[in-house]
Amino acid sequence: MIKKRKKLNGSLNLGIIILLLVVVCYITIMLFDEAYGGRFYIPEVEDDMDVSKSYDFTEDDIMKIDDIVSEKNIDYLLENNIDKTLALGIINETYYIDEYLEKYLNYHVINSNLSYKEVVARVNSHIDVEFYTETEKTDESLGKFVILNKHYYASKDYKGESLIVVDKEYNLYDTEFMLAEECYQAFLKMYDDAKNEGFAFKINSAYRSYERQINVYNGWVEQDGVILADTYSARPGYSEHQTGYAFDIRDFPLTNDDFSKTKAFTWVSENAYKYGFILRFPLGKEYLTGYQYESWHYRYVGLEAAKYIHDNDITFEEYYEYFIRFNNPRNLT
Ligand SMILES: [Zn+2]
956 MIKKRKKLNG SLNLGIIILL LVVVCYITIM LFDEAYGGRF YIPEVEDDMD VSKSYDFTED
1016 DIMKIDDIVS EKNIDYLLEN NIDKTLALGI INETYYIDEY LEKYLNYHVI NSNLSYKEVV
1076 ARVNSHIDVE FYTETEKTDE SLGKFVILNK HYYASKDYKG ESLIVVDKEY NLYDTEFMLA
1136 EECYQAFLKM YDDAKNEGFA FKINSAYRSY ERQINVYNGW VEQDGVILAD TYSARPGYSE
1196 HQTGYAFDIR DFPLTNDDFS KTKAFTWVSE NAYKYGFILR FPLGKEYLTG YQYESWHYRY
1256 VGLEAAKYIH DNDITFEEYY EYFIRFNNPR NLT
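No gaps in the numbering here: position 188 of the sequence shown is 1143 in the working numbering, and each next residue is one more.
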C-alpha cells in the first residue's frame, strides 16, 4: 500500500514537472514568435470594430464625396476595408466614373506602380481587359460621337449617317470615297485654308463598309499575320472608317507614306481641331487606343469635343467614356 502511494506520488511529481516544462516551452515559443511576427502569431482583433472608424473615413470625408460616389459604392468602400488614401486618390481624379470604382480598385491591385490618373485613363479606355475580349456593341445613334475600337463594335449594317460622295478633286487616287456630310463640309474648310497657306493633302481612304473592312483586314493578316495586323488594322465591325467620320490623308503630290515627316502634317496637326477633327491615334497613346501612331488618320467629332481633346491631350476613348457614355458634367476647363 505504502509502496504504491510512493509510486503514485512519484509519477504525479513527474507529471507536474513535464506539464510545467511544456507550459514554459509554449510561452517561450509564443513570445519569440510574436516578437518576430512568425507563423504562430495571430494579431489581436477588437471585437466591436466600428467599420467607418477602422478605415479612417470620417463623416466629413463621406460628405465631401457623396455627390460623386453613390451610396452603394460608399458602402462598398467601408465594407471592403478599402484604404482611404487609395479610394480618395481615385475618386478625386478628373475623369473618375463612379460606375467603374470597383474596376479601378481591382486594376490598381495588379498595377500598383501606376498613378491614379493612369488607372482611371486605362479602365475608362477598357484596357483592363484584353483587346477584343468582353466587347460591347456601340451606340450607333450617336452620329459623330459613335466610338469604334477594340472594345466597341458596330453591326454589319451600320454605315454612319448621310454619306455623300467626295469630289474627285480631293482624292489621291481615282477611287470613289464617301464621308458623312458634316465631316465632309468640315474637311472642305480645312482643305481650303491649308491650300491658301501653301499646304496640300488628299484623301486616300474614307468610309469603308463592314464588307470592305473584311477584305482590308484579311489582306493585312495574310501579309503580316494576326498579331501585327491587329496593331494597325481593325477587325470588321471595329473600324471607325465604318462611321463615315474618319479619313486618311497623304501629302500631295509627294504621297509620302510617312505623313508625319511632311509640312502638311505639321499644319494639320496644329490646326485640325479648329475644324472639329482630332488626330485619332496619337504618338505615346498607343496603349490606350490600341493602335500604332497614325499621323494620317483624322476623325470628326465636332468643334467643342475636338478643342477639348486637343487642349487636354486626351484620347477619344477617354473623352467618349466620360462625357458621352456617362454624360458627366461639362464644367471642366
Ligand atoms: Zn484610317
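Note that the Cβ used here is the ideal one computed from N, Cα and C, for glycine as well.
Option nearest Asn1126 by Cα separation, candidates Trp1175, Lys1092 and Ile1204: Ile1204
Start and end residues, beta strand (DSSP E) containing Ser1025: Careful: Ser1025 lies outside any beta strand (DSSP E) and carries neither H nor E.
Boundaries (first-last residue) of the beta strand (DSSP E) holding Val1120: Leu1118 to Val1120
Per DSSP, cross-strand counterpart(s) of Val1158: Sequence check: residue 1158 is Ile here, not Val. Asn1126 and Ile1204.
DSSP three-state assignment for His1196, whether helix, strand or coil: helix
Where Ile1052 sits in the DSSP three-state scheme: coil
Reference Asn1104, options Gln1197, His1265 and Glu1259, closest by Cα: Gln1197
CB of Glu1272 within 8 Å of CB of Ser1070, strictly: no
Candidates Lys1114, Lys1150, Tyr1277 and Asn1226: closest to Ala1201 by CA position: Lys1114
Ligand 1 heavy atom lying under 7 Å from the CB of Asp1213: no
Ser1096 classed as buried or exposed, judged by whether at least 16 other C-beta atoms fall within 10 angstroms: exposed
Inter-residue Cα distance where the pair is Ser1007 and Ser1025: Because Ser1007 sits at a pLDDT of 44, beneath the cut-off of 50, its placement in the model cannot be relied upon, and the following sentence gives the value as read from the coordinates. Each residue's alpha carbon lies about 16 Å from the other.
Leu1134 - partner residues in DSSP beta bridges: Ile1119
Spatially closest choice to Arg1280 from Phe1100, Asn1159, Phe1220 and Glu1225, by CA coordinates: Phe1100
Cα-Cα separation, Phe898 to Gln1247: With the chain running from 956 to 1288 in the structure shown, residue 898 is simply not present.
Cβ-heavy atom distance, His1252 to ligand 1, below 7 Å: yes
Straight-line Cα distance separating Val1171 from Asp1112: 17 Å
Same chain only: Cβ atoms within 8 Å of Ala1184, ignoring 5 sequence neighbours per side: Tyr1172, Trp1175, Val1176 and Gln1178
Host beta strand (DSSP E) of Arg1280 (start-end): First-last for Arg1280: undefined, no H or E at that position.
Cβ shell of Gly1304 (< 6 Å), same chain only, five flanking positions each side left out: No statement about residue 1304 is possible, as the shown extent of the chain runs from 956 to 1288 and does not include it.
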